[in-house]
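A.B. asks: Following this message is one structure expressed as structure tokens.
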Amino acid sequence: MNKKEKVKKIDEEIEELKNYKLLNGLKTKGLKQIRNLLLKREFKKGEQVFRANYPQVVLFFVAEGDIKIYLDNDGEELVLTHKVKYEHFGEMALILESTRTASARAEEDSTLLAMTSKDFEDFINKNPSSGIILLKNIGRFLSEMLRKNNEMMKNLQNKNNEKEV
Amino acid sequence: MKKKYNLSRILLINIPLLLLVVITFLFYQSVIWMVLGAIIFSYILKPAVDFIEKYGFVRWAAILLVYLIIAGLLTAGALIIVPVFSSQVQDMGTKLTDIASKSGSIGEFQITDVEFIWTIFKPLIEFTEKTSLFDLNKLFQDFLYYLQKAATELPQKLSGYAGKMFNLFTFLFMVPTLGYFFLKDREKFRQYIYKLIPNKYFELTVIIAERTDRVLKTFFRAMMVEMLIVAVMSSIAMIIVGVPYSIIVGLLAGVGNVIPYLGPLVGIVAAIISILLSGSPLVLILSAIIALQIVQFLENRFIYPFVMAKSMEMHPMIILLTVLAGGYTMGFLGMLFAVPLVFLIKELVTILVDNLQKFEIV
């Protein structure tokens, strides 16, 4: 009885993982392993997740809540985006051993699931087929971000040109 | 005023907490060694389990398969090596008692009773007797006395202290059992431990944990593999050269080899003692040293670089001093573990210095 409930709970958690955009297309077996690797973190409203220039070692999935991603522009906060349920942020940590490019703060009480870059690498080595899907997803997100940034640059230049005229 | 209130509050919370930690430690101290042994055990076996798991096995099945393979190897090894080994140990024991009985009791034993020692060291012995600078005879006598005492008391101790034997068996039984859980539920344990870490220190802890893991992993695996390879190579070399008690010498050389710089001496000393005890021709000492040096050369040139891929990057002088200090403070175990321990602490300090500022903790 107790064990049955436990198994059911695990199955539910794995089903839940299928909703995450980054884990799109992964099979149950891969998700089962990813569930074991995720570290649950609870953040209070207003609590800092990380700041720009902190070393980056983990990616965060948002399981609950609202995380504000922003740039510190001379004390003024330039809000880039909000990450909500089933989204993720900090995926660059998995690819690049470097520092954070933006800051993140919980806008309300949030539950995050962290995945370390080492676990990510181990997972890919252990499950190459799932790893390819995961890497492709990450690549897609980064490319989309680049496209968005390029368009933003174009818009900015157009605005500048209009001003000059 | 406010500060005082805070202080008393801190004391009120922390003292019972500290007491709880101390009591917990005292209660569990007898099993700490088992847990440590199991952690080391699981560290060494993890790559094998991971490897098997990759081929579609469930984790518990992979662990059991690894256990079965190890049990099989141990049995096979025991069937081959134990008869030879035990006969060699027995032989060595009788040789020792022979020497002792020659002069009635070990207390009256004279170093000059052993013929070949007399012929070789005659000038030296005469010199020491004349100058009475130090008593070589007494030195050797003491050494033999302790050896004899240890050899005769060992079986007595083993059978006499049934409780201790029981402890040993529980230990040998518990390590693989606990190791099974560490291997199987590693992620679960990790998730529990990380729950205790505040968010502010989370990523720093991840960095520290991963670096520690890497250092320990490299060290334990490298140590086991080197021990095994050098023991086998030295045994073969001793058999080829014709040194008596070849397998004992080979095993000692293998275990000793783990100690940096001083380790290779263990094998040489073991070989010399075995040659002297058996009364083999003394030329053998030279060929044994040459053979062990060849093993050393092969080990340094071909095995060490591969096994210790990311070896301990420390200055040779520091390593030597660390080994000596470890030996003085903690004996043989100290010599074995001083270098990785110091390396680990050095790494942790470097990480902390690097990262505490980056994470704006200090």
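Respectively, the protein sequence lines represent chains U and Y.
So the first sequence is numbered by the numbering used here: it starts at 508 and just counts up by one.
So the second sequence is numbered by the numbering used here: it starts at 868 and just counts up by one.
No residue lacks a Cβ here, since even glycine has one placed at the ideal position from N, Cα and C.
The structure presented is a predicted model; accordingly, all values stated were derived computationally and were not measured.
(1) Is it buried or exposed, U/Ser637, if we count other Cβ atoms within 10 angstroms and call 16 or more buried?
(2) To the nearest angstrom, report how far apart Y/Tyr1245 and Y/Lys1084 are at their CA atoms.
(3) CB-CB under 8 Å to Y/Lys1091, same chain, minus the five flanking residues each way: which ones, in chain order?
(4) Quick one, are the C-beta atoms of U/Val565 and Y/Val1073 less than 8 Å apart?
(5) Any Cβ of chain Y within less than 8 Å of the Cβ of U/Asn543?
(6) Are at least three pairs of beta-carbons, each pair with one atom in the stretch 569 to 589 of chain U and one in the stretch 646 to 658 of chain U, less than 8 Å apart?
(7) For a contact meaning CB atoms closer than 7 Å, what does U/Lys625 contact in chain Y?
(8) So what does DSSP say about U/Leu524, is it helix, strand or coil?
(9) Please give me, in chain order, every unbroken run of the alpha helix (DSSP H) with length at least 4 that falls completely inside the stretch 1052 to 1121 of chain Y.
(10) When you compare the CB of Y/Tyr1061 with every CB in chain U, is at least one pair closer than 8 Å?
(11) Taking the DSSP output, what are the residues bridged to U/Met622?
(12) Output the distance between the C-alpha atoms of Y/Gly1198 and Y/Leu1188, rounded to the nearest integer angstrom.
(13) Between the stretch 1202 to 1219 of chain Y and chain U, which residues of the former have CB atoms less than 9 Å from a CB of the latter, in chain order?
(14) Could you tell me which residues DSSP puts in a beta bridge with U/Asn580?
(15) Using only the alpha-carbon positions, how far apart do U/Asn526 and U/Gly537 sit?
(16) When the Cα atoms are used, what is the spatial distance from U/Tyr561 to U/Arg607?
(17) Secondary structure at U/Glu571, three-state DSSP: helix, strand or coil?
(18) In angstroms with no decimal places, state the Cα-to-Cα distance between U/Phe596 and U/Lys590.
(19) Can you name the start and end residues of the beta strand (DSSP E) that Y/Ala1138 belongs to?
(20) For chain U, check one thing: does any of its Cβ atoms lie closer than 8 Å to the Cβ of Y/Ala1176?
(21) Give me whichever residues DSSP pairs with U/Leu546 in a beta bridge.
(22) Report yes or no: is there a C-beta of chain U within less than 8 Å of the C-beta of Y/Ile1228?
(23) State yes or no: is the beta carbon of U/Glu519 nearer than 8 Å to at least one beta carbon in chain Y?
(24) Tell me where the beta strand (DSSP E) around U/Arg612 begins and ends.
(25) Shortest alpha-carbon distance to Y/Ile1106 belongs to which of Y/Val951, Y/Val1125, Y/Met901?
(26) Against Y/Lys1225, what residues of chain U qualify as contacts under a CB-to-CB distance less than 8 Å, listed in chain order?
(27) When you compare the CB positions of Y/Phe1087 and Y/Ile907, do they come within less than 8 Å of one another, or not?
(28) Ordered along the chain, which non-local residues of its own chain (more than five positions away) have a Cβ less than 8 Å from that of U/Arg542?
(29) Applying a beta-carbon distance threshold of less than 8 Å, which residues of chain U neighbour Y/Lys921?
(30) Could you name the residues that DSSP lists as bridge partners for U/Leu588?
(31) At least one CB of chain Y closer than 8 Å to the CB of U/Arg548: is that the case?
(32) If you draw a straight line from the C-alpha of Y/Ala1104 to the C-alpha of U/Asn632, how long is it?
(33) At the 8 Å Cβ level, is Y/Val1261 part of the contact set with chain U, yes or no?
(34) Verify the contact flag: Y/Phe1204, CB atom, against every heavy atom of the ligand PLP, threshold strictly below 7 Å.
(35) Nearest chain U C-beta to Y/Ile1069 closer than 8 Å, yes or no?
(36) Provide the residue span of the beta strand (DSSP E) that contains U/Val556, from first to last.
C.D. replies: According to the structure shown:
(1) Working through the first sequence from its first residue, we reach residue 637 of chain U at position 130. It is buried - the Cβ of U/Ser637 has at least 16 other Cβ atoms within 10 Å.
(2) This structure leaves residue 1245 of chain Y out entirely; chain Y is present only between 868 and 1229.
(3) Start at 1 with the first residue of the second sequence, and residue 1091 of chain Y comes out as number 224. The residue asked about is misnamed: residue 1091 of chain Y is Met in this sequence, not Lys. Closer than 8 Å at the Cβ level, and outside the excluded window around Y/Met1091, lie Ile911.
(4) Counting from one through the first sequence, the residue named residue 565 of chain U turns up at place 58. Counting from one through the second sequence, the residue named residue 1073 of chain Y turns up at place 206. It is a contact, given that the beta carbons lie within the stated cut-off.
(5) To locate residue 543 of chain U, count along the first sequence from 1; it is residue 36. Yes, its Cβ sits closer than 8 Å to a Cβ of chain Y.
(6) no
(7) Here residue 625 of chain U corresponds to residue number 118 of the first sequence, with the count starting at 1. Glu1077, listed in chain order.
(8) Along the first sequence, one-based indexing puts residue 524 of chain U at 17. Here U/Leu524 sits in helix by DSSP.
(9) Fully enclosed alpha helix (DSSP H) runs of 4 or longer: 1053 to 1062, 1069 to 1108.
(10) If you number the second sequence from 1, residue 1061 of chain Y lands on position 194. Answer yes: the Cβ-Cβ gap between Y/Tyr1061 and chain U drops below 8 Å somewhere.
(11) Reading the first sequence from its first residue, position 115 is the one you call residue 622 of chain U. U/Met622 pairs with U/Leu566.
(12) Taking the second sequence and counting its residues from 1, one reaches residue 1198 of chain Y at position 331. Taking the second sequence and counting its residues from 1, one reaches residue 1188 of chain Y at position 321. Approximately 14 Å, taken between the alpha carbons.
(13) Under the 9 Å Cβ criterion, the stretch 1202 to 1219 of chain Y contributes no residue.
(14) Reading the first sequence from its first residue, position 73 is the one you call residue 580 of chain U. Note: U/Asn580 sits in a beta bridge opposite U/Glu583.
(15) Along the first sequence, read from residue 1 onward, the residue named residue 526 of chain U stands at position 19. Along the first sequence, read from residue 1 onward, the residue named residue 537 of chain U stands at position 30. Cα to Cα, the separation comes out at about 14 Å.
(16) Taking the first residue of the first sequence as position 1, residue 561 of chain U is located at position 54. Taking the first residue of the first sequence as position 1, residue 607 of chain U is located at position 100. Roughly 5 Å between the two C-alpha positions.
(17) Walking along the first sequence from the start, residue 571 of chain U turns up at place 64. In this structure, U/Glu571 counts as strand in the three-state DSSP scheme.
(18) Working through the first sequence from its first residue, we reach residue 596 of chain U at position 89. Working through the first sequence from its first residue, we reach residue 590 of chain U at position 83. Roughly 7 Å separates the two Cα atoms.
(19) Taking the first residue of the second sequence as position 1, residue 1138 of chain Y is located at position 271. Premise fails: Y/Ala1138 lies in the alpha helix (DSSP H), 1130 to 1145, not in any beta strand (DSSP E).
(20) As a first step, residue 1176 of chain Y must be located in the second sequence, where it is residue number 309. Caution is warranted here: a pLDDT of 49 is assigned to Y/Ala1176, below 50, making its placement in the model unreliable, and no coordinate value can be reported.
(21) Here residue 546 of chain U corresponds to residue number 39 of the first sequence, with the count starting at 1. Beta-bridge pairing links U/Leu546 to U/Ala621.
(22) Locating residue 1228 of chain Y in the second sequence gives position 361, where the first residue counts as 1. It does not: the Cβ of Y/Ile1228 has no partner Cβ on chain U nearer than 8 Å.
(23) To locate residue 519 of chain U, count along the first sequence from 1; it is residue 12. Cβ-Cβ to chain Y under 8 Å: no for U/Glu519.
(24) Stepping through the first sequence from its first residue, residue 612 of chain U is reached at position 105. Start and end: 610 to 613.
(25) Counting from one through the second sequence, the residue named residue 1106 of chain Y turns up at place 239. When each option's Cα is compared against that of Y/Ile1106, the closest is Y/Val951.
(26) By 1-based counting over the second sequence, the position of residue 1225 of chain Y is 358. Residues of chain U passing the Cβ test: Asn560, Tyr561, Pro562, Thr606.
(27) Looking up residue 1087 of chain Y in the second sequence gives position 220. Looking up residue 907 of chain Y in the second sequence gives position 40. Cβ atoms of Y/Phe1087 and Y/Ile907: closer than 8 Å.
(28) The residue given as residue 542 of chain U occupies position 35 in the first sequence. Cβ within range, chain order: Ile517, Glu520, Ile521, Leu524.
(29) The residue you call residue 921 of chain Y lines up with position 54 of the second sequence. In chain order: Lys633.
(30) Stepping through the first sequence from its first residue, residue 588 of chain U is reached at position 81. The sequence shown places Thr at residue 588 of chain U, not Leu. Beta-bridge pairing links U/Thr588 to U/Ile576.
(31) Against the first sequence, residue 548 of chain U aligns to sequence position 41. So, interface residue.
(32) Sequence index remark: in the second sequence, residue 1104 of chain Y carries index 237 (1-based). Sequence index remark: in the first sequence, residue 632 of chain U carries index 125 (1-based). Roughly 39 Å separates the two Cα atoms.
(33) Any question about residue 1261 of chain Y goes unanswered here, given that chain Y covers just 868 to 1229.
(34) This structure does not include the ligand PLP; it has no bound ligands of any sort.
(35) If you number the second sequence from 1, residue 1069 of chain Y lands on position 202. It should be noted that the sequence gives Phe, not Ile, for residue 1069 of chain Y. Cβ-Cβ to chain U under 8 Å: yes for Y/Phe1069.
(36) As a working mapping, residue 556 of chain U is identified with position 49 in the first sequence. Where U/Val556 is concerned, the enclosing beta strand (DSSP E) stretches over 555 to 557.
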